[in-house]
Each structure stands twice: as C-alpha cells, then as structure tokens.
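Numbering (the numbering used here), first residue to last: 864 to 1152. For each residue, glycine too, the CB sits at the ideal point set by N, CA and C.
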Amino acid sequence: MAQARPARWRDIADDLLRRIQEGDFPPDDSGRRRLPSELELQETYTASRNAVRDALKWLAGRNHVVSEQGKGTFVVFRSEPFHVTLSASQPGEGPGGGEGEHYRQDAVVQGREWESSAVEVGITTASTVIAWYLQIPEGTAIISRKQHHLIDNEPWSLQISYYPLSFAQEGAPRLLEPTDIPEGAVRYLGKTLGYREVGYHDEIQARVPTDEEKRLFGLGEAASDVVFKTIRTAYSRDGQAFRLTETTWPADRNRLHYDLGKVPERIRQTPAATRDGDGGTAGDEDPVR
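This is the structure:
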C-alpha cells in the first residue's frame, strides 16, 4: 500500500524549518530577520494562503518563528544551549551543577561568561510541600535564599534554597546575609553545624512557566516555552534532610547532564562534548523529513 504524503502545509513547514536551521534567514543589523510575506511564500511554494498560514502556525507553536501584528513573521534565533552537570563528583564535595564552583567550571569549559544576581533572603514558614521534603512540621520557620544565574549576561536559571531558621540561630548566621557564601552553603553548614552531605535526592518536573519566569526569561505562550524544575534534597549521615534547593531551567537554553559510574574523563570535564555539530542534541524534536 502506498504511504500517504504529508499535508501540503507540513511540506512547507518542514522546508522553512530546514532553511532556518541551515541559516538561509540570518539576522540583519538589528538582530532580527523577517520571513518572506505570506504572498511571497504562496508564490514560492505554489500553495494556498491557508497552507502557508498553517505552516507558519506550526512553526510558531514550536517557537521557531513569531508573528507580529502588522509587521510580519520573524525567525526566533535560539541561544546556544548551556550544558549543566547536575551530578556531584562525590557526595559531600558540593551540590553538583547549577551553582557555585561546579557551575563556573561548566561555564569555563564552554567558553561562556557566568555570574549570579544578588541573593534575596527571606524568612517564611514551611508549606506542606516544603515541610515534606525537609522532614519538618508544617509551619516551621524557614530561611529562603533566592537568586538567578546569568550566562553571557542573560538570565539562564532561577534558584531558591530553603533551610530551617533554627540553623541560623544555632551557629550558621550567614544564611541570613544577602551575600554569596563562597565555599558553598553545604560546606558552610558542615563547618558550623556538622552537617556533612552524604547523599542527595533529585526530582525533575516539566511545566509551563509562571508569570514571573516568563518575564525573567523572556518566555511566551508557545508550546516549546516550557521549563524544567529540579528539586534537590540534601541528606546528612543520620538521614536528616537539611537543605532543599529548587532550580528552574528554561528548556530552550539548558541541557542537563548526570554522570554515573565510569564516564570518560573528556565527557565529565566537558559536558557540551555530547552535543552534535549544530548545537542540538540527539533526539531533538522537529526532524526535517
């Protein structure tokens, strides 16, 4: 039996996507590039207006283009993805990727500039969810430390860590200071309160961004504008949870890596080595047919 051909609009969408990926529509001096008009595309592809519009709608739904009223349809130029190693080299050596020295290391080997915003410190009470992760009663006073990380001067991730307020009262007052802790909070708590991280548990969620995240990361309503959220709980020798860290990663610009077992050193030291030549990843969506 003969295989049915894709609809005409999909042929057009696939060809436009191929041309976008191959650089046929490079940014102009303003950093933007408008696609040919609908009428021009109809003539180029000998297609109906509806077929062209359906093709552009499909591309917009996957954040490859964006339409602006009265101006036309513009190519969305994607940032080079940043590769983050989330697994720590050894338990107790730090929180793994996403912050501190580990994050800086990932930035250095990829030739990217890294910095963090000022730390926002707050005191609140543990919600049902936070209390469950930290194994404390709901309503317990907790400290929150919030900041976002930037790559090449652009917001790249948002991180909030939670600790019982009692930690600051019992000998770790720097948790309440709105400044970075150079050695990292895990090591600081080890030195001050004897909490040595022997393991951590990660949970990864995928969801649509909140309004705050849309503003911070410049995300819209496209189907591809989703974020990953990692929830890491750190544990001490006695099995006590002593730190909860939630990190939000826009999926369009982050690639998250875990190294387990005997991974070649070239991969451990250079996470971006797993990407392919055009900056994508194996199994990336939208294959060109």
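Environment of residue i [buried if 16+ CB atoms lie within 10 Å]
i, result
"Pro958", "Because Pro958 carries a pLDDT of 48, less than 50, the predicted location of this residue cannot be relied on, and no value is offered for it."
"Leu1021", "buried"
"Asp1074", "exposed"
"Asp969", "buried"
"Ser1016", "The residue you asked about is not Ser; residue 1016 is Asn in the sequence shown. With fewer than 16 Cβ atoms within 10 Å of its Cβ, Asn1016 is classed as exposed."
"Ile1067", "exposed"
"Tyr1058", "buried"
"Thr991", "exposed"
"Arg1095", "buried"
"Thr988", "exposed"
"Glu1109", "buried"
"Pro1045", "exposed"
"Pro918", "Before going further, note that residue 918 is Ala rather than Pro in the sequence given. By the neighbour-count rule (16 or more Cβ atoms within 10 Å), Ala918 is buried."
"Arg1008", "buried"
"Glu1076", "buried"
Inter-residue Cα distance where the pair is residue i and residue j
i, j, result
"Gly955", "Pro869", "With a pLDDT of only 48 at Gly955, under 50, the local geometry of the prediction cannot be trusted, and the value read off the model is given with reservation. Roughly 54 Å separates the two Cα atoms."
"Glu964", "Pro899", "46 Å"
"Ala951", "Ala914", "50 Å"
"Glu1001", "Leu1028", "13 Å"
"Val1089", "Asp1115", "8 Å"
"Thr1093", "Val939", "27 Å"
"Leu1119", "Thr909", "42 Å"
"Leu949", "Arg941", "23 Å"
"Trp921", "Leu880", "10 Å"
"Leu902", "Ser893", "24 Å"
"Gly1034", "Tyr1051", "10 Å"
"Ile1005", "Glu931", "45 Å"
"Pro1036", "Glu1060", "19 Å"
"Ser1087", "Leu1056", "43 Å"
"Val1049", "Val1126", "25 Å"
"Ser980", "Asp1122", "28 Å"
"Leu997", "Gly1102", "11 Å"
First through last residue of the beta strand (DSSP E) which encompasses residue i
i, result
"Thr1093", "Val1090 to Tyr1098"
"Ile1006", "Ala1004 to Ile1014"
"Leu1107", "Ala1104 to Pro1113"
"Arg1118", "Asn1117 to His1120"
"Ile986", "Glu983 to Thr988"
"Arg925", "Premise fails: Arg925 is in no beta strand (DSSP E) and is neither H nor E."
"Val939", "Element bounds for Val939: n/a, residue is neither H nor E."
Among the options, the one whose alpha carbon lies nearest that of residue i
i, options, result
"Arg1070", "Pro1113, Ala1048 and Gly1124", "Pro1113"
"Gly924", "Glu943, Gly1083, Gln1010 and Gly1002", "Gly1083"
"Gly935", "Glu1060, Asn926, Ala1048 and Arg897", "Arg897"
"Ala1031", "Asp874, Gln973, Ile986 and Val1089", "Ile986"
"Gln1064", "Leu1039, Arg882 and Tyr1098", "Per the sequence shown, the amino acid found at residue 1064 is His instead of Gln. Of Leu1039, Arg882 and Tyr1098, the residue nearest in Cα terms is Tyr1098."
"Thr907", "Ile875, Phe888, Glu931 and Asp887", "Ile875"
"His946", "Thr988, Gln932, Arg967 and Gly933", "Arg967"
"Tyr1025", "Ala994, Arg1106 and Arg1050", "Arg1106"
"Ala1104", "Trp995, Pro1127, Glu885 and Leu904", "Trp995"
"His1012", "Leu1039, Thr1003, Arg975 and Ala918", "Arg975"
Residue i: first and last residue of the uninterrupted alpha helix (DSSP H) it sits in
i, result
"Arg1131", "Glu1128 to Gln1132"
"Tyr908", "Glu901 to Tyr908"
"Asp1178", "Since the first residue of the chain shown is 864 and the last is 1152, residue 1178 is not available in this structure."
"Glu1076", "Asp1074 to Phe1080"
"Tyr996", "Thr991 to Leu997"
"Arg1050", "Ala1048 to Leu1056"
In DSSP terms, what residue i is bridged to
i, result
"Ala1085", "None, per the DSSP bridge assignment."
"His965", "Paired residues: none, contrary to the question."
"Thr948", "His1120"
"Pro1018", "Leu1013"
"Ala1069", "Phe1091"
"Tyr1026", "Ile1006"
"Gly816", "The requested residue 816 does not occur in the structure, where the chain is confined to residues 864 to 1152."
"Ser979", "His1012"
"Arg897", "Phe937"
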